[in-house]
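Participant: Numbering of the sequence shown is given in full-length UniProt numbering, commencing with residue 1 and proceeding in unit increments.
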Amino acid sequence: MRNTRGYLSLFITILIWGTTFLVTKIILREMGPLQLTELRFVLAFLLLAPLAARQGFRLKQIFTKEYMLFGLTGTTLYYALQNVGMTYTSVSSTVLILSIVPALTTILAVIFLKERIGRSQILGIILVTVGVVLVSIENGQGETYDHPLIGNLLIFISGLSWAIYTIQGRKMSEGQPALVMAAASIGAGMLQMIPFAAWEIAEQGLPYLSGAGWLCVLYLSLVSSGLTTYLWNDALHHLSASVASSYINLVPVIGIASAYLLGEQPPLIQIIGGVLAISGVLLSSRST
Numbered sequence: 001m002r003n004t005r006g007y008l009s010l011f012i013t014i015l016i017w018g019t020t021f022l023v024t025k026i027i028l029r030e031m032g033p034l035q036l037t038e039l040r041f042v043l044a045f046l047l048l049a050p051l052a053a054r055q056g057f058r059l060k061q062i063f064t065k066e067y068m069l070f071g072l073t074g075t076t077l078y079y080a081l082q083n084v085g086m087t088y089t090s091v092s093s094t095v096l097i098l099s100i101v102p103a104l105t106t107i108l109a110v111i112f113l114k115e116r117i118g119r120s121q122i123l124g125i126i127l128v129t130v131g132v133v134l135v136s137i138e139n140g141q142g143e144t145y146d147h148p149l150i151g152n153l154l155i156f157i158s159g160l161s162w163a164i165y166t167i168q169g170r171k172m173s174e175g176q177p178a179l180v181m182a183a184a185s186i187g188a189g190m191l192q193m194i195p196f197a198a199w200e201i202a203e204q205g206l207p208y209l210s211g212a213g214w215l216c217v218l219y220l221s222l223v224s225s226g227l228t229t230y231l232w233n234d235a236l237h238h239l240s241a242s243v244a245s246s247y248i249n250l251v252p253v254i255g256i257a258s259a260y261l262l263g264e265q266p267p268l269i270q271i272i273g274g275v276l277a278i279s280g281v282l283l284s285s286r287s288t
């Protein structure tokens, strides 16, 4: 029953994550990436903090070294770099590059959590790496981007940050409610993003959001940032870091499907890279 709850939390999380790239791309037409990151955190924190308080969350937890680092990797770096990166690259490139996250998480789990991996996982990691390299050197057809390689690099670093966050979450999950972990990490990220969002506002001014824009912001904040952060940490209470991370292989499938709504058409080499990456993830997750 405990594993069933973990898998259910993962499935809902991945389903939501798969659609957020499309929503993010749409809202980035109306506001800057750093402002978007901060607004997501503020709204998500306002949702989670009162609920987490019932399970022992206190504001002072945000300022601890433990949660400042947790918020840095899983909220600040992951979302900020992803949002900035998506201004330079396509949705399809983003979701395919992020398919390397399970491989990165598995490597870190072996090093820091002493989790064991077999030959199939090693081969899978190699396939994922080759696939992501192929994806990164090309960009989808549709919108034209000035610096796609920069965007792809930022997306990769954001994925590495999430892998580190997953390992941190696995180590911290014992004895700490998932809701408390979610509220504290988002709260820390919210504080860390203030100077960067303020700088962007000073440079670009305050954005004017349409009705559709506000719906996108609410979806990203309350559903994608708030709900899924709780569900992800809840899953880590019941499943290993490598198993939880392997479910991310569903994100590219959902993300690529949504990219077509923006008119993006991945070139052949990117499709090949995507197939290799997803195949590698599936192979490496067989023994988990």
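Cβ atoms here follow ideal geometry from the backbone N, Cα and C, with glycine treated the same way.
Considering only C-alpha positions, which residue in the set A163, L113, A53 is nearest to Y78?
Facilitator: The count along the sequence shown starts at 1 and reaches residue 78 at position 78. Cα-wise, what sits closest to Y78 is A163.
Participant: Which one of A198, H238, V132, L231 has the shortest CA to CA distance from E174?
Facilitator: Sequence index remark: in the sequence shown, residue 174 carries index 174 (1-based). The option with the nearest alpha carbon to E174 is H238.
Participant: Please go through the same chain and pick out, in chain order, the residues whose beta-carbon is closer than 7 Å to the beta-carbon of A178, but skip the five residues on each side of it.
Facilitator: Locating residue 178 in the sequence shown gives position 178, counting from the first residue. Y230, N233, D234, H237.
Participant: Thinking C-alpha only, which one of T13, F70, L123 is nearest L282?
Facilitator: Along the sequence shown, one-based indexing puts residue 282 at 282. The option with the nearest alpha carbon to L282 is L123.
Participant: How big is the Cα-Cα spacing for F196 and V42?
Facilitator: For the purposes of this step, residue 196 is taken as the residue at position 196 of the sequence shown. For the purposes of this step, residue 42 is taken as the residue at position 42 of the sequence shown. Distance between the alpha carbons of F196 and V42 is about 14 Å.
Participant: If I measure Cβ to Cβ from Q61 and keep anything under 7 Å in the same chain, skipping five residues before and after, which residues do I get?
Facilitator: The residue labelled residue 61 in the question sits at position 61 within the sequence shown. Excluding residues within five positions, the ones whose Cβ falls inside 7 Å are Y67, A184.
Participant: Are the beta-carbon atoms of Q82 and I14 separated by less than 8 Å?
Facilitator: Here residue 82 refers to the residue found at position 82 when the sequence shown is read from its first residue. Here residue 14 refers to the residue found at position 14 when the sequence shown is read from its first residue. Not a contact, by the Cβ cut-off of 8 Å.
Participant: Considering S161, what are the terminal residues of the alpha helix (DSSP H) in which it resides?
Facilitator: By one-based count along the sequence shown, residue 161 stands at place 161. Note, S161: alpha helix (DSSP H), 148–172.
Participant: Taking the alpha carbon of L104 as the reference point, which residue from T166, H147, W214 has its own alpha carbon closest?
Facilitator: Residue 104 sits at position 104 when you count from the first residue of the sequence shown. Taking only the C-alpha atoms, the option nearest L104 is T166.
Participant: Three-state secondary structure (DSSP) at R119?
Facilitator: Looking up residue 119 in the sequence shown gives position 119. Note: R119 maps to helix in three-state DSSP.
Participant: Just reading off the alpha helix (DSSP H) that Q82 is part of, what are its end residues?
Facilitator: Start at 1 with the first residue of the sequence shown, and residue 82 comes out as number 82. Its alpha helix (DSSP H) spans residues 78–85.
Participant: Is M31 helix, strand or coil by DSSP?
Facilitator: On the sequence shown, position 31 is the one that residue 31 refers to. Of the three classes helix, strand and coil, the one that applies to M31 here is coil, per DSSP.
Participant: Confirm, please, whether the CB-CB distance from L220 to T20 is below 8 Å.
Facilitator: Position 20 of the sequence shown holds residue 20. Position 220 of the sequence shown holds residue 220. Yes, the pair counts as a contact, with Cβ atoms nearer than the cut-off.
Participant: Who are the near neighbours of L51 in its chain, counting only those whose CB is closer than 8 Å to its CB and skipping five residues on each side?
Facilitator: Here residue 51 refers to the residue found at position 51 when the sequence shown is read from its first residue. L179, A183.
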